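K.L.:
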Amino acid sequence: MSAAKNREEALAAMFSSTCVIPVLTIDRVEDAVPLARALVAGGVRVLEVTLRTPVAAEAAKAIMAEVPEAIIGIGTILNPDDLARAEKLGARFGISPGATPDLLKAAAGSNLPFAPGIATASELMMMLAHGFKLAKFFPAEQSGGIKALRALAGPFPQVRFCPTGGIGEANAGTWLGEPNVVAVGGSWLSPTSDIRSGNWTGITAMCQRTMKMLQSR
-5 MSAAKNREEA LAAMFSSTCV IPVLTIDRVE DAVPLARALV AGGVRVLEVT
45 LRTPVAAEAA KAIMAEVPEA IIGIGTILNP DDLARAEKLG ARFGISPGAT
95 PDLLKAAAGS NLPFAPGIAT ASELMMMLAH GFKLAKFFPA EQSGGIKALR
145 ALAGPFPQVR FCPTGGIGEA NAGTWLGEPN VVAVGGSWLS PTSDIRSGNW
195 TGITAMCQRT MKMLQSR
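At the far end of the sequence shown sits residue 211, using the numbering used here, and the numbering has no gaps.
#1: What do you get for residue 216, buried or exposed, if any count of 16 or more other CB atoms within 10 angstroms of its CB means buried?
#2: How many angstroms separate the CA atom of residue 31 from the CA atom of residue 97?
#3: With DSSP as the reference, identify every bridge partner of residue 130, one or two as the case may be.
#4: Compare the C-alpha of residue -4 against each of 113, 192 and 105 and name the closest.
#5: Considering only the beta carbon of each residue, do residue 129 and residue 151 sit closer than 8 Å?
#6: By alpha-carbon positions, which one of 58, 46, 159 and 113 ends up nearest to residue 178?
#7: Report yes or no: do the segment 41 to 52 and the segment 137 to 155 share at least 3 C-beta pairs separated by less than 8 Å?
#8: Please state the DSSP three-state secondary structure of residue 87.
#9: Report the rounded CA-to-CA distance for residue 75 versus residue 81, giving the unit in angstroms.
#10: Could you name the residues that DSSP lists as bridge partners for residue 69?
#11: Hey, how far is the Cα of residue 171 from the Cα of residue 24?
#12: Go through its chain and collect everything with a Cβ distance to residue 127's Cβ below 7 Å, but skip five positions before and after it.
#13: To the nearest angstrom, how far is the alpha carbon of residue 34 from that of residue 198?
#14: If we ignore side chains and look at the alpha-carbon of each, how far apart do residue 101 and residue 211 end up?
#15: If you draw a straight line from the alpha carbon of residue 86 to that of residue 209, how long is it in whole angstroms?
#16: Of the residues 156, 56, 186 and 6, which one's Cα is nearest the Cα of residue 135?
#17: Ignore the nearest five residues each way along the sequence and tell me which others in residue 137's own chain have a CB closer than 6 Å to its CB.
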């Protein structure tokens, strides 16, 4: 098995093991560790720290250092420089909201397991041409929802998806019921209001409730 295929299989197994990947936008470094601990305590270990804030890289480093049981990936990777930052940080995976030829080329040559973002058949074809078979379907609900995902499954039966965008507690189980979905992503497990107020017990309880619901489906 090639190194690229090994990375792809490892990423698919990582995503499948968690079902839900919280998409974390961290504005204050001091929130990073307690947030990660709250998520892990609720049974959610695979976390996506997005590069949407100035402190994102520092926050990811803090979690890696102080919450070793968390599996940290870097999200909102927009270009090869972001990809290089994620790899240098020691992230376990990278994920993007979309994909350009330059980013796909860089990711194909990287050692970092990577899930490019797609919303159309043309984007899927470009992703496949660069050797990727696991995609972030984004924005999932806004791009046609489950009907669109099923339509893509016809010509692309080999592709597995992590839908993100418009997914929450109410519909996560429905998405996960699709045979080509390995996990879903979303921000509902870490509401901004709870992070700002330090409601870590509330976040843990929400995670526990969500995981119990999904595991019993």
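All C-beta atoms, glycine included, are put in the ideal place defined by N, C-alpha and C. Given the structure is predicted, the values throughout are model-derived calculations rather than measurements.
P.N.:
According to the data block:
#1: It is not possible to answer for residue 216, since the shown part of the chain is limited to -5 through 211.
#2: Stepping through the sequence shown from its first residue, residue 31 is reached at position 37. Stepping through the sequence shown from its first residue, residue 97 is reached at position 103. If you take the alpha carbons of residue 31 and residue 97, they lie about 32 Å apart.
#3: Translated into the one-based positions of the sequence shown, residue 130 becomes position 136. Per DSSP, 111 and 156.
#4: Looking up residue -4 in the sequence shown gives position 2. Closest by C-alpha distance to residue -4, out of 113, 192 and 105, is 105.
#5: Taking the first residue of the sequence shown as 1, we reach residue 129 at position 135. Taking the first residue of the sequence shown as 1, we reach residue 151 at position 157. No.
#6: Taking the first residue of the sequence shown as position 1, residue 178 is located at position 184. That would be 159, whose Cα lies nearest to the Cα of residue 178.
#7: These segments do not touch.
#8: By one-based count along the sequence shown, residue 87 stands at place 93. In the structure shown, residue 87 falls within a strand segment according to DSSP collapsed to helix, strand and coil.
#9: What you label residue 75 is simply residue 81 of the sequence shown in a count that begins at 1. What you label residue 81 is simply residue 87 of the sequence shown in a count that begins at 1. Distance between the alpha carbons of residue 75 and residue 81: 10 Å.
#10: Locating residue 69 in the sequence shown gives position 75, counting from the first residue. Per DSSP, 44.
#11: The count along the sequence shown starts at 1 and reaches residue 171 at position 177. The count along the sequence shown starts at 1 and reaches residue 24 at position 30. One alpha carbon belongs to residue 171, the other to residue 24, and they sit about 37 Å apart.
#12: The residue labelled residue 127 in the question sits at position 133 within the sequence shown. Same-chain partners within the cutoff: 2, 152, 153 and 154.
#13: The residue you call residue 34 lines up with position 40 of the sequence shown. The residue you call residue 198 lines up with position 204 of the sequence shown. When rounded, the distance between both Cα atoms is 8 Å.
#14: Numbered from its first residue, the sequence shown carries residue 101 at position 107. Numbered from its first residue, the sequence shown carries residue 211 at position 217. If I take the Cα positions, the gap works out to 35 Å.
#15: What you label residue 86 is simply residue 92 of the sequence shown in a count that begins at 1. What you label residue 209 is simply residue 215 of the sequence shown in a count that begins at 1. C-alpha of residue 86 to C-alpha of residue 209: approximately 24 Å in a straight line.
#16: As a working mapping, residue 135 is identified with position 141 in the sequence shown. Answer by Cα proximity: 156.
#17: As a working note, residue 137 is residue 143 in the sequence shown. The residues are 113.
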